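*Asks:*
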Amino acid sequence: MMDNEALNTSRVLVVDDEPQMRSIVTFAMETKGFHTATASSAAAAWTMVCQEKFALIILDLMLPDYSGVELCRRIRSRMDTPIIMLTALGEEEDRVQGLEAGADDYVTKPFSPRELALRASAVLRRFSPEAHTPEILENGELRMDVSALELTYRNQRIPLSEIESRLCLALLRRAGEVVPTRVLLNEVWESAQIPGGKEILKTTVYRLRKILNQATGLDDLIRNVRYRGYLMREISPR
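Note that our numbering numbers the sequence shown so that position 68 is 68, with each residue one more than the last.
Written out as structure tokens, the structure is:
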């Protein structure tokens, strides 16, 4: 659990067009010590994130001007602020689209304020930098600072969402080995039983593979090993 001092320095942006839902989310966050700001449209939220650095964004999928998925993409193209998407119960495609756009986690409606607050605390705890002696993992010229979850290639930073960073870390730790699907779900999403988990993992792997290919020029860096899991191939030193 985050301590009160850490929580009080965490400003959360709540984006939802329904006043009642904004109130529920705001209540959930503020009772746990978070400071909040609210927006009722994607356009208003975009203006706010361009003007202020938020610790976390809680974003509804359905907004009146354009979708939460599109807003998530725009935010992710500019910054790595963690994002939790609010989606309808049972809508697997919504969850997949949100994660594909760069969301770090999702919560399905209806939800309890306690669940949302715990999920927000978990995301912030994983994402917040701490004073540390860096543990560096290397695969060729691909390097990750484990505590900061910062990935570089040839000393150039590769921007990743928090969930992409955790997936990359899980694969990088075992470069050259097949990592079972269940292990990846447990390490990245902290549960092998999340609804639609295999499809969500597949989508996130696709997104990470594309980012790494664009940043490094290396093809087929992450491979799907049928019926077993995924493998990050070892990069030959230059």
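Each residue gets a CB set at the ideal place from its N, CA and C atoms; glycine is no exception. All of these numbers come straight from a predicted model, not from anything done at the bench.
Which residue or residues does DSSP assign as beta-bridge partners of Met85?
*Replies:* Indexing the sequence shown from 1 puts residue 85 at position 85. Bridge partners of Met85: Leu59 and Tyr106.
*Asks:* The alpha helix (DSSP H) spanning Leu151 covers which residue range?
*Replies:* To locate residue 151, count along the sequence shown from 1; it is residue 151. Counting along the chain, Leu151 falls outside any alpha helix (DSSP H), though it belongs to the beta strand (DSSP E) covering Glu150 to Tyr153.
*Asks:* Indicate whether Ile83 and Ile57 have their beta-carbon atoms separated by less than 8 Å.
*Replies:* The sequence position of residue 83 within the sequence shown is 83, counting from 1. The sequence position of residue 57 within the sequence shown is 57, counting from 1. Yes, the Cβ-Cβ distance between Ile83 and Ile57 is below 8 Å.
*Asks:* Tyr106: buried (16+ other C-beta within 10 angstroms of its C-beta) or exposed?
*Replies:* As a position in the sequence shown, residue 106 is number 106, starting the count at 1. With 16 or more Cβ atoms within 10 Å of its Cβ, Tyr106 is classed as buried.
*Asks:* In whole angstroms, what separates the C-alpha of Leu13 from that of Asp104?
*Replies:* Position 13 of the sequence shown, counted from the start, is the residue given in the question as residue 13. Position 104 of the sequence shown, counted from the start, is the residue given in the question as residue 104. Answer to the nearest angstrom: the Cα atoms are 15 Å apart.
*Asks:* Using DSSP's beta-bridge definition, name the partner residues of Tyr230.
*Replies:* As a first step, residue 230 must be located in the sequence shown, where it is residue number 230. In the DSSP output, where bridge partners are listed per residue, Tyr230 has Val179 and Asn224.
*Asks:* Quick check on this structure: which residue in Phe111, Ala45 and Arg154 has the alpha carbon closest to the alpha carbon of Leu86?
*Replies:* For the purposes of this step, residue 86 is taken as residue 86 along the sequence shown, with counting starting at 1. Considering only alpha carbons, the answer is Phe111.
*Asks:* Given this structure, state the Cα-to-Cα distance separating Thr36 from Pro64, to the nearest angstrom.
*Replies:* The count along the sequence shown starts at 1 and reaches residue 36 at position 36. The count along the sequence shown starts at 1 and reaches residue 64 at position 64. Cα to Cα, the separation comes out at about 21 Å.
*Asks:* Grab me the residues of Leu116's own chain with a C-beta within less than 6 Å of its C-beta, minus the 5 sequence neighbours each way, in chain order.
*Replies:* What you label residue 116 is simply residue 116 of the sequence shown in a count that begins at 1. If we look at Leu116 and ignore the five residues flanking it on each side, its Cβ neighbours are Ala28 and Val107.
*Asks:* Taking C-alpha atoms, which residue in Ser41, Lys198 and Arg74 lies nearest to Met62?
*Replies:* Position 62 of the sequence shown, counted from the start, is the residue given in the question as residue 62. Closest option to Met62, Cα to Cα, is Ser41.
*Asks:* Within the 8 Å Cβ cut-off, does Val146 reach chain C?
*Replies:* No chain C is part of this structure, which consists of one protein chain only.
*Asks:* What is the residue span of the beta strand (DSSP E) that Met48 lies within?
*Replies:* Indexing the sequence shown from 1 puts residue 48 at position 48. Not the beta strand (DSSP E): Met48 falls in the alpha helix (DSSP H), residues Ala42 to Gln51.
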